[in-house]
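Protein chains: 2
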Amino acid sequence: MDDTFGTISQWLERVFALHRNLMRQFANEEGLQLVHVEILQYLSVCNRYSDTTQAISEYLGQTKGSISQSLGNLEENGFIRKIQDKVDKRVFHLSLTTNGSSVIKRMSKFIDLDSSDTIVPELKLLLSSIQKKHGFRGFGICKSCKFNQNVGQSNFVCGLTKEKLSLDDIHKICKEHEEQSAI
Amino acid sequence: MDDTFGTISQWLERVFALHRNLMRQFANEEGLQLVHVEILQYLSVCNRYSDTTQAISEYLGQTKGSISQSLGNLEENGFIRKIQDKVDKRVFHLSLTTNGSSVIKRMSKFIDLDSSDTIVPELKLLLSSIQKKHGFRGFGICKSCKFNQNVGQSNFVCGLTKEKLSLDDIHKICKEHEEQSAI
DNA sequence: TTCAAATAGTATCGAATCTAAACTTATTTG
DNA sequence: CAAATAAGTTTAGATTCGATACTATTTGAA
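Quick mapping for you: the protein sequence lines, in order, are chains W and Y. Basically our numbering = 1-based index in the first sequence + 11. Basically our numbering = 1-based index in the second sequence + 11.
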């Protein structure tokens, strides 16, 4: 009973709470836990450098032990598959099965935010302001990353891995992302 | 690996995840669970019709049994107090103790979103669009509620309870809130 | 080359939360 | 005034969470 309602933070809290309730409701209807849907959602938008237990753990802010368990559950139930990296055998790449994909499609349809796109630039600003203030890095799209190099028409190279990236690639989110100095 | 990144929903997810990580980090530093901080935050902005177990349960989307347990914990540790309603003895009103208030003050300072206010109207639009689509009601500020009546300078009356509301009152959030037809 | 340190991921244990259901107490309704 | 409803608590079982230890692999430095 200290404050009145009106700051950005409080409006955000309210939207977050409502959005999470929706997600939870959807998860329940699918017979899943909230965290499972969050994992599937992340896997549907991350790139091939960021589809690992460790990356999910960083993104969702939970320990990798906990994420590992949830992943085991998701794999058992046929929502994701795990493929060992050919170069670094410690690493396993995760991806959605057809089954997992269809959950995400149903979720998008269920949540269905069709509000105007004018909020997106505001969200980007907010995001990068939070990241700067708290020294977070990672989880942006290649397009705005300082490591991303445009080497000709629709051809890109990641400066970190020296690998070629397709037009599709550069619209996924990456755990190594660092914002270009001039936004 | 189905989608690329860019829709409103995906940007929201990203901001949500980051914000929740911040909240969790803060909660950990205070020796609290995330849900405890969320409850304290809610209690700091709700009005006197909405400071109950049931209302918190609706707001956070968790069962009242679960919330009841967390509230017991918070009361034991001196963050909140419980006062029985004089009229309806089933109801207990919850409020922050000095201790609880100071947690919320530290949280605001910690999160510290100083981005421009231009995002607030966008958030309001988003919120009301989600609420309409999913038939949710409740948890808005009296100021925009169809039950709220202005009866003279800075004097308001709630059409549901017929009680007087102060200028401070009408900026808190209420579980009975219904948007005025013309936004 | 060799061996210690670092990294990715899993397994395990105790604590805490979550849901669902039964339950208590109080209020409202017919 | 009995039955239905509502607010809140309690209980039990399942799940998650965090911490720690563990395996396997890679890196790096003497």
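Note that the Cβ used here is the ideal one computed from N, Cα and C, for glycine as well.
Self-check item: Minimum Cβ-Cβ distance from W:Ile78 to chain Y less than 8 Å
Solution: no
Quiz item: Beta-carbon of Y:Lys186 versus every beta-carbon of chain W: anything under 8 Å?
Solution: no
Quiz prompt | Per DSSP, cross-strand counterpart(s) of W:Gly93 | solution = With the sequence shown as reference, residue 93 of chain W is identified as Lys, and Gly is not the correct amino acid for it. Looking at the DSSP assignment, W:Lys93 forms a beta bridge with W:Leu105.
Quiz prompt | 8 Å Cβ shell around Y:Ile122 - same chain, five flanking residues per side excluded | solution = His30, Leu33, Met34, Phe37
Quiz prompt | Neighbour flag for W:Gly72 against chain Y, beta carbons, 8 Å | solution = yes
Self-check item: DSSP-derived helix/strand/coil call for Y:Asn159
Solution: strand
Quiz item: Would a check of beta-carbon distances place W:Ser165 closer than 8 Å to chain Y?
Solution: no
Quiz prompt | W:Phe167: first and last residue of the uninterrupted alpha helix (DSSP H) it sits in | solution = Premise fails: W:Phe167 lies in the beta strand (DSSP E), 167 to 169, not in any alpha helix (DSSP H).
Practice problem: Could you list which residues in chain W have their beta carbon closer than 8 Å to that of Y:His145, in chain order? | Solution: Leu33
Quiz item: For Y:Glu133, which of helix, strand or coil comes out of DSSP?
Solution: helix
Practice problem: Can you pull the chain W residues whose beta carbon is under 7 Å from the beta carbon of Y:Phe208, in chain order? | Solution: This structure does not reach residue 208 of chain Y, given that chain Y is present from 12 up to 194, and the question cannot be answered.
Self-check item: Nearest candidate by alpha-carbon position, reference Y:Gln21, set W:Ile19, W:Leu54, W:Glu87
Solution: Its Cα nearest to that of Y:Gln21, the residue W:Leu54 stands out among W:Ile19, W:Leu54, W:Glu87.
Quiz item: Under 8 Å, do Y:Glu133 and W:Glu133 count as touching if we go by C-beta distance?
Solution: The beta carbons of Y:Glu133 and W:Glu133 sit closer together than 8 Å.
Quiz item: Using the beta-carbon of each residue, which ones in chain W are nearer than 7 Å to Y:Arg25?
Solution: Leu138, Phe150
Quiz item: Between which two residues does the alpha helix (DSSP H) carrying Y:Arg31 extend?
Solution: 19 to 40
Quiz item: Are the C-beta atoms of W:Thr129 and some chain Y residue less than 8 Å apart?
Solution: yes
Quiz item: Do Y:Ile115 and Y:Leu51 have their CB atoms nearer than 8 Å?
Solution: yes
Quiz item: For Y:Asp179, which option in Y:Asn166, Y:Lys173, Y:Val46, Y:Ser68 has the closest C-alpha, if you only look at C-alpha atoms?
Solution: Y:Asn166
Quiz item: At a CB-CB cut-off below 7 Å, which residues of chain Y make contact with W:Leu134?
Solution: Trp22, Leu23, Val26
Exercise. Quick one: list the residues of chain W neighbouring Y:Leu82, beta-carbon separation under 9 Å, in chain order.
Key: Within 9 Å Cβ-Cβ: nothing; Y:Leu82 doesn't reach chain W, min ~16 Å.
Exercise. Would you verify that the beta carbon of W:Ile52 is, or is not, closer than 8 Å to some beta carbon of chain Y?
Key: Sequence check: residue 52 of chain W is Gln here, not Ile. The beta-carbon of W:Gln52 is placed less than 8 Å from the nearest beta-carbon of chain Y.
Practice problem: For W:Glu40, count neighbouring C-beta atoms within 10 Å of its own C-beta (all shown protein chains included) and say buried if the count is 16 or more, exposed if not. | Solution: exposed
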